[in-house]
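Notes follow once the structure below has been shown.
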Amino acid sequence: MCLNWERPPVRGVVDQGLSGRQKGHVITIVGDTRRAASSFWHTQGASMAPLLRWARRLLRRAPSPPLRFPTAGFDVIPATQLLEEEQFDDFKAGDYYPVNIGDIFASNKYQVLGKLGDDDYVALKVFTRHHGETCKNEFRTYETIDKANPSHPGHPHIRTALNFFTLDRPGGDHQCLVQRPMWDSWKDLLRRNPSQRFSETLLKGGLQHLLRGLDYLHTECKLVHTDIKADNILHAIVDQGIFEAFVKEEMERPSPRKHVNSATVYMSRRFGLPKDFGRIVLSDVGSTVRGDVKRNHDAQPNVYRSPEVMVKAEWSYPVDIWNVGAMIWDVFQGRHLFHGEDPTGKGYTTRAHLAEVIELLGPPPLDLLQRGVRSKEFFSEDGKWIADVPITHGNSLEKEERFLTGENKDMFLNLVRGMLAWRPEDRKTARELLEDPWLNTINSDIS
């Protein structure tokens, strides 16, 4: 399916930045200026052909008038109180597009309705200027994801693009990416939960969705995500009332704002709690690379880096599997499995991270070390640990897991071991993990 056809206008947001890994994105909720666009959000399980027919009919409808937002009645924020984007160099350099509530973009297709908090991906992402090549690479990735095989069961679990367009501006244009809006991430859910961890039932259901999406990304798209973390795992929105409540709130209680160098900066507003949670969707393809091309550059969030990345060996799809294994430990156990904090106080270091992996999994296979450009920094030629970080003996995954017992615990740890293997070729694929007994066992959820 071509991504550049004229899509129906949708409710969403504006996100100014390069990727979800960066902080301080300016995110603004955007409304359509045509009727009935909201029904687009209820087509998550529909085939693409009916959706295309529906979209073409919608585009023939007359646009509805734009909303008129209050121009008074809001709090003025003191100049000394810095908001999200003010803290970043790109904003100070004037590289952010000056979005205002009520603005209309793309020939009357989108109207700005309000600003959401940072670290979320939503419908309209406005890139900072002077990053045209980065935008093109990300757009090409979305085209690959969208076209590969939409009938695959994992396709709905990977964030896709609806359209691209350009905002012209003196001094440099801004590329825009249109996507379906999403609700909170797994990271947000953890913050909302007093226990700061997922239940067994929630993890099983969410992990099944994530693995389906990962199987699609690996087998159909031939892509490696490289940046899987709780921030990038979102919930699809099935409750249309969330958007209506957002607009109503902005109309009745306009967002506090301030003026900085002729630009208006708004305080964030978040979506409310939905009545129902939608499917899990893996987002942020800004760091995605081809998996059928071997590479050994640095990648992944520090605490989720795989052994082959740390020793700078060639890597591909299995780095995502390791990433998932380390990440689900975080959300289920409520703490990192690996920290990588150097004993000298230098913060994260590869040597400290490798030492922790050895403590839990034992020494790495010699053949893996022989593939790594950096292996000689940490290991002798015969595979002995030589880095100046002590190895603590006697630790294990069994001791680190604190919430399960008996056979249920054994099954969970077997799942984790299928992902956290030293050799990438020894890890299970996403498709194989979907058949794991623990994931497919009904539990009483007393964890």
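In UniProt numbering, the protein residues as written are 1 to 447.
The C-beta atom is built at its ideal place from N, Cα and C for all residues, glycine as well.
Helix, strand or coil: how does DSSP classify residue i here?
i, result
"residue 184", "strand"
"residue 354", "helix"
"residue 329", "helix"
"residue 428", "coil"
"residue 285", "coil"
"residue 228", "coil"
"residue 304", "helix"
"residue 338", "coil"
"residue 416", "helix"
"residue 140", "helix"
"residue 223", "strand"
"residue 191", "helix"
"residue 422", "coil"
"residue 439", "coil"
"residue 245", "helix"
"residue 171", "coil"
"residue 406", "helix"
"residue 71", "coil"
Between residue i and the rest of its own chain, which residues show a CB-CB distance below 6 angstroms, the 5 nearest in sequence each way excluded?
i, result
"residue 285", "141"
"residue 415", "436 and 438"
"residue 226", "287, 299 and 300"
"residue 69", "101 and 102"
"residue 424", "308 and 318"
"residue 314", "294 and 296"
"residue 441", "none"
"residue 212", "153, 154 and 157"
"residue 263", "98"
"residue 283", "121, 159, 232 and 234"
"residue 136", "none"
"residue 215", "154, 430 and 431"
Could you please give me the residues that DSSP links to residue i through a beta bridge?
i, result
"residue 176", "126 and 165"
"residue 235", "280"
"residue 397", "None; residue 397 has no bridge partner."
"residue 263", "260"
"residue 216", "Paired residue(s): none; residue 216 is not in a bridge."
"residue 379", "385"
"residue 348", "341"
"residue 158", "282"
"residue 76", "257"
"residue 315", "295"
"residue 452", "Not covered by the structure: residue 452. The range shown for the chain is 1 to 447."
For residue i, count neighbouring C-beta atoms within 10 Å of its own C-beta (all shown protein chains included) and say buried if the count is 16 or more, exposed if not.
i, result
"residue 393", "exposed"
"residue 370", "exposed"
"residue 46", "In this predicted model, residue 46 has a pLDDT of only 31, less than 50, meaning its place in the structure is not dependable enough to derive any value."
"residue 344", "exposed"
"residue 196", "exposed"
"residue 323", "buried"
"residue 163", "buried"
"residue 138", "buried"
"residue 430", "buried"
"residue 391", "exposed"
"residue 188", "buried"
"residue 79", "exposed"
"residue 181", "buried"
"residue 364", "buried"
"residue 72", "exposed"
"residue 253", "exposed"
"residue 151", "exposed"
Please list, in chain order, all residues of the same chain as residue i whose beta carbon is under 7 angstroms from its beta carbon, the five residues on each side excluded.
i, result
"residue 265", "83, 85, 86, 257 and 258"
"residue 353", "305, 310, 338 and 340"
"residue 395", "359 and 360"
"residue 207", "328 and 439"
"residue 39", "Caution is warranted here: a pLDDT of 23 is assigned to residue 39, below 50, making its placement in the model unreliable, and the coordinate value is therefore given only provisionally. Nothing meets the Cβ criterion."
"residue 349", "340 and 342"
"residue 167", "97, 105, 126, 173, 174 and 176"
"residue 380", "386"
Which same chain residues end up closer than 8 angstroms to residue i when comparing Cβ atoms and leaving out the 5 residues on each side of it in sequence?
i, result
"residue 223", "141, 144, 145, 217, 285, 288, 289, 290 and 291"
"residue 367", "423"
"residue 242", "183, 271, 272 and 274"
Rounded C-beta distance between residue i and residue j? I'm assuming under 8 angstroms.
i, j, result
"residue 330", "residue 336", "6 angstroms"
"residue 251", "residue 77", "That belief does not hold up - the Cβ atoms of residue 251 and residue 77 are roughly 20 angstroms apart, past 8 angstroms."
"residue 177", "residue 280", "With 8 angstroms as the limit, residue 177 and residue 280 do not qualify as a contact, their Cβ atoms being about 21 angstroms apart."
"residue 278", "residue 236", "3 angstroms"
"residue 404", "residue 412", "6 angstroms"
"residue 233", "residue 183", "The Cβ separation is near 11 angstroms, so there is no contact."
"residue 402", "residue 333", "6 angstroms"
"residue 74", "residue 199", "With 8 angstroms as the limit, residue 74 and residue 199 do not qualify as a contact, their Cβ atoms being about 40 angstroms apart."
"residue 355", "residue 387", "7 angstroms"
"residue 148", "residue 220", "4 angstroms"
"residue 312", "residue 372", "5 angstroms"
Is residue i a contact residue of the ligand MN, with contact defined as CB to any heavy atom under 7 angstroms?
i, result
"residue 155", "Inclusion of the ligand MN in the displayed structure is not the case, the ligand content being empty and no account of it being possible."
Answer yes or no: does any C-beta atom of chain D fall closer than 8 angstroms to that of residue i?
i, result
"residue 215", "Of the protein chains in this structure there is only one, and it is not chain D."
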